[in-house]
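These protein sequence lines map, in sequence, to chains X and A.
Under our numbering, the first residue of the first sequence carries the number 1, and numbering increases by one thereafter.
Under our numbering, the first residue of the second sequence carries the number 115, and numbering increases by one thereafter.
Inspection log for the structure reproduced underneath, given as structure tokens.
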Amino acid sequence: EAGVAQSPRYKIIEKRQSVAFWCNPISGHATLYWYQQILGQGPKLLIQFQNNGVVDDSQLPKDRFSAERLKGVDSTLKIQPAKLEDSAVYLCASSPPGGNTEAFFGQGTRLTVV
Amino acid sequence: QKEVEQNSGPLSVPEGAIASLNCTYSDRGSQSFFWYRQYSGKSPELIMFIYSNGDKEDGRFTAQLNKASQYVSLLIRDSQPSDSATYLCAGRRSGGYNKLIFGAGTRLAVHP
Numbered sequence: 001e002a003g004v005a006q007s008p009r010y011k012i013i014e015k016r017q018s019v020a021f022w023c024n025p026i027s028g029h030a031t032l033y034w035y036q037q038i039l040g041q042g043p044k045l046l047i048q049f050q051n052n053g054v055v056d057d058s059q060l061p062k063d064r065f066s067a068e069r070l071k072g073v074d075s076t077l078k079i080q081p082a083k084l085e086d087s088a089v090y091l092c093a094s095s096p097p098g099g100n101t102e103a104f105f106g107q108g109t110r111l112t113v114v
Numbered sequence: 115q116k117e118v119e120q121n122s123g124p125l126s127v128p129e130g131a132i133a134s135l136n137c138t139y140s141d142r143g144s145q146s147f148f149w150y151r152q153y154s155g156k157s158p159e160l161i162m163f164i165y166s167n168g169d170k171e172d173g174r175f176t177a178q179l180n181k182a183s184q185y186v187s188l189l190i191r192d193s194q195p196s197d198s199a200t201y202l203c204a205g206r207r208s209g210g211y212n213k214l215i216f217g218a219g220t221r222l223a224v225h226p
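Shown next as structure tokens:
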């Protein structure tokens with residue numbers, strides 16, 4: 001079974017530029033999460049999708065971050081404009097149907113904003 | 115108050131000893147708990163999950179849940195240097211597709 005795919009693996013941008021991350025969840029997984037993990041901290045949930053609907057985006061800085069999950073499969077997370085404090089690893093995860101199940105993580109995208 | 119709290123460590127134990135990792139949570143509605151291991155530069159990977167009060171054992175790992183005290187723990191028996199990693203505790207409310215909230219993680223160092 002293929003895992004959660006993310007791209008790119010690494011990205012370096014200047015502040016005020018824009019960037020986009022892509023995620024393809026495990027086939028059949030209805031729930032998709034985007035987490036931000038700053039060095040030395042635990043993953044912070046940015047947004048959670050159930051199919052193509054948003055379950056929770058309370059921690060998403062909506063003035064600069066946006067995310068979509070078209071057709072309930074893959075997802076894109078965008079930052080525009082980026083700030084220095086956005087430097088982090090962005091983790092995508094997915095869960096199988098059933099609701100109360102574990103999340104499987106992709107390899108993450110390491111973003112450096114200079 | 116953070117929803118899921120962990121001591122950041124580092125927790126240092128000698129090889130062969132028992133490592134005890136602890137987690138507390140503030141949301142009494144949380145029903146299921148997950149322990150993930152994260153090696154430096156890698157993504158989190160699931161070790162165990164626990165839903166019911168009491169102990170759950172899987173090989174060298176034992177998860178313990180006390181809902182009255184809002185406390186979750188992970189015991190690692192016969193610790194090995196390869197167990198050196200950050201251990202993340204995560205909790206979720208029951209029912210539906212509720213969000214999975216992580217603690218800050220505890221760094222474990224097992225020395226030979």
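Beta carbons: idealized from backbone N, C-alpha and C, even for Gly.
- For A:P124, the number of other beta carbons within 10 angstroms of its own is below 16, and it is reported as exposed.
- For A:L160, the closest Cβ of chain X is nearer than 8 Å.
- Residue environment analysis places A:K213 among the buried positions, since at least 16 neighbouring C-beta atoms fall within 10 angstroms of its C-beta.
- Three or more Cβ pairs closer than 8 Å define a contact, and the region 81-92 of chain X falls short of that threshold against the region 162-171 of chain A.
- Flagged as an interface residue toward chain X: A:F163, by a C-beta distance shorter than 8 Å.
- Assignment of A:P158 by DSSP, reduced to helix, strand and coil, places it in the coil class.
- Boundaries of the beta strand (DSSP E) around X:S94: A88 to S95.
- With fewer than 16 other beta carbons inside 10 angstroms of its own, X:I12 counts as exposed.
- Around the beta carbon of X:T31, 16 or more other beta carbons lie within 10 angstroms, which makes this residue buried.
- For A:R206, the number of other beta carbons within 10 angstroms of its own is at least 16, and it is reported as buried.
- Contact of A:F175 with chain X is not assigned, every C-beta pair being separated by 8 Å or more.
- Per DSSP, the continuous beta strand (DSSP E) segment holding A:P128 begins and ends at L125 to P128.
- Contact between the region 68-83 of chain X and the region 46-53 of chain X is present, with at least three C-beta pairs closer than 8 Å.
- Take the alpha-carbon of X:G3 and the one of X:S27: they are about 9 Å apart.
- Interface annotation, A:F148: in contact with chain X, CB-CB separation under 8 Å.
- For A:S157, the neighbours in chain X by C-beta distance under 8 Å run, in chain order, L91, F105, G106, Q107 and G108.
- Per the DSSP secondary-structure output, A:I215 pairs in a beta bridge with A:G205.
- X:S87 places its beta carbon 8 Å or farther from that of X:T109.
- If you draw a straight line from the Cα of X:Q6 to the Cα of A:P158, it is about 14 Å long.
- A Cβ-Cβ separation of about 5 Å places A:T200 in contact with A:Q152 under the 8 Å criterion.
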